[in-house]
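Chains as they are written, first to last, in this note's numbering: chain A, 1 to 207; chain B, 1 to 86.
In this text, a Cβ means the ideal position worked out from N, Cα and C, and glycines have one as well.
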Amino acid sequence: MTPILAFAAAGAVTILAVALIVAALVFYLVSVIVQLRKIVAGLDVTIAGVGGIVQKSAPVNDIVTAINEQLDAGVDLLEGLLVKKAGMTDAVGLVDGLYAGAGAIGFRNFPESSAVKAPRIGEVYTRGTLTLARLGREAPIAAASPDGPVLRNVEGGSLAARALYPEIRQTGPEKLSRSPVIGTDAPVQYEQRDDIGAPRKRLPSRS
Amino acid sequence: MILWWIGDVVLLAVLLPVVVYLLRGVLAAAKSIVPSVQEIATVAAAGSKDLDAAALLVTTQDQVAKTVAGVANYGGSLDVILDDAS
Chain A
1 MTPILAFAAA GAVTILAVAL IVAALVFYLV SVIVQLRKIV AGLDVTIAGV GGIVQKSAPV
61 NDIVTAINEQ LDAGVDLLEG LLVKKAGMTD AVGLVDGLYA GAGAIGFRNF PESSAVKAPR
121 IGEVYTRGTL TLARLGREAP IAAASPDGPV LRNVEGGSLA ARALYPEIRQ TGPEKLSRSP
181 VIGTDAPVQY EQRDDIGAPR KRLPSRS
Chain B
1 MILWWIGDVV LLAVLLPVVV YLLRGVLAAA KSIVPSVQEI ATVAAAGSKD LDAAALLVTT
61 QDQVAKTVAG VANYGGSLDV ILDDAS
């Protein structure tokens, strides 16, 4: 092989090798560019979604804070009113009767309430009776005994609640009106219809 | 001349495989990112849609304010009507 041909062959191989490397670079770099464009498109959608989240959640903190402040004011008001009107012991008993175990937690604005032993109000009275009894002598339930003791005996039985109702049976009267008597021996008999139990009358056929 | 041939062999046998290997790694990494980004985009869109109801908090705030005001009025009336415990 002449030197010129040898140089030409070596140069051709070099050019071929460089061309292959460049081709590989082009192919893979173009593929990477395509993938990066997909990533950019996905990130655009993500940024739009995150922007929406930020925009929609921006006022939430202030609004929730305001709602909590208003609810706190309501809780303070109701707790104070309950303790003022019912007393600490009865208030704890009332709350514990409505929500078992809540009496042990106590009231938020009255830390000493957690140390109060809650009377078992819920077992003595129904909730409705309890609510009315809380109203005192002016309550309709206490109309029959306006001069009697107010409300109930927490440690006693449920008989104290009976005294709040009008007199019927709770004091054991000697004679009460009898219940109506029914049956064949009843003093009041109703006229019996003849057609009951008899065969049904047959109508003449049309044909 | 011999060195030139050696250079050609190095180009074809060493440099080209190394370049291809590295570029394949970059491409694989780029491809692995795409599904993650698409999932993040889907979740972000869903999260944004879930927060559509956040605007109703304004109504909730207004209703709470009215309710607390009603409770306050009711409590004030009870405070007047009922005797204190002590």
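Next on the checklist: Measuring straight from C-alpha to C-alpha, what distance separates A:V40 and A:A48?
Outcome noted: 12 Å
Item to check | Within chain B, partners of A:K85 - CB distance below 8 Å | outcome: Those are L78, D79, L82, D83, D84 and A85, listed as they occur along chain B.
Checklist entry - With 16 other CB atoms within 10 Å as the buried threshold, where does A:V150 fall? => result With a pLDDT of only 49 at A:V150, under 50, the local geometry of the prediction cannot be trusted, and no value is derived from it.
Next on the checklist: For B:Y74, count the other beta carbons within 10 Å of its own beta carbon; 16 or more makes it buried, fewer makes it exposed. Which is it?
Outcome noted: exposed
Item to check | For B:L51, the nearest candidate out of A:K117, A:A91 and A:A58 (CA to CA) | outcome: A:A58
Item to check | A:I4 versus B:L12: straight-line alpha-carbon distance, rounded | outcome: 22 Å
Checklist entry - For A:G80, does the three-state DSSP call read helix, strand or coil? => result helix
Item to check | Where B:Y21 falls: helix, strand or coil (DSSP) | outcome: helix
Item to check | Neighbour flag for B:V14 against chain C, beta carbons, 8 Å | outcome: Looking at the structure shown, chain C is missing, and the protein chains on hand are A and B.
Item to check | Alpha carbon of B:A65 to alpha carbon of B:A45, nearest angstrom | outcome: Taking the CA atoms as reference points, B:A65 sits about 33 Å from B:A45.
Checklist entry - Taking only beta-carbon atoms, is B:T59 less than 8 Å away from chain A? => result no
Item to check | Collapsed DSSP secondary structure at B:L82 in the structure displayed | outcome: B:L82 sits in coil when the DSSP states are folded into three classes, being neither helix nor strand.
Next on the checklist: Give me the residue from A:L43, A:V54 and A:Q189 with the minimum Cα distance to B:S48.
Outcome noted: A:V54
Next on the checklist: Please classify A:F7 as buried or exposed, where buried requires at least 16 neighbouring CB atoms within 10 angstroms.
Outcome noted: exposed
Checklist entry - In whole angstroms, what is the alpha-carbon distance linking A:G52 and A:K38? => result 21 Å
Item to check | Endpoints, the alpha helix (DSSP H) within which A:F107 is located | outcome: First-last for A:F107: undefined, no H or E at that position.
Checklist entry - A:Y99 by DSSP, collapsed to three states: which one? => result coil
Next on the checklist: Taking 8 Å as the threshold (C-beta atoms), are A:Q35 and B:V10 in contact?
Outcome noted: Contact annotation: B:V10 and A:Q35 have beta-carbon atoms that are not nearer than 8 Å.
Item to check | Alpha-carbon to alpha-carbon, B:S36 and B:G71 | outcome: Sequence check: residue 71 of chain B is Val here, not Gly. About 52 Å.
Checklist entry - Any C-beta of chain B sitting closer than 8 Å to the C-beta of A:V116? => result no
Checklist entry - Comparing alpha-carbon positions, which option in A:V45, A:I33 and A:V32 lies nearest B:Q38? => result A:V45
Item to check | Residue-chain proximity (A:A24, chain B), Cβ-Cβ < 8 Å | outcome: yes
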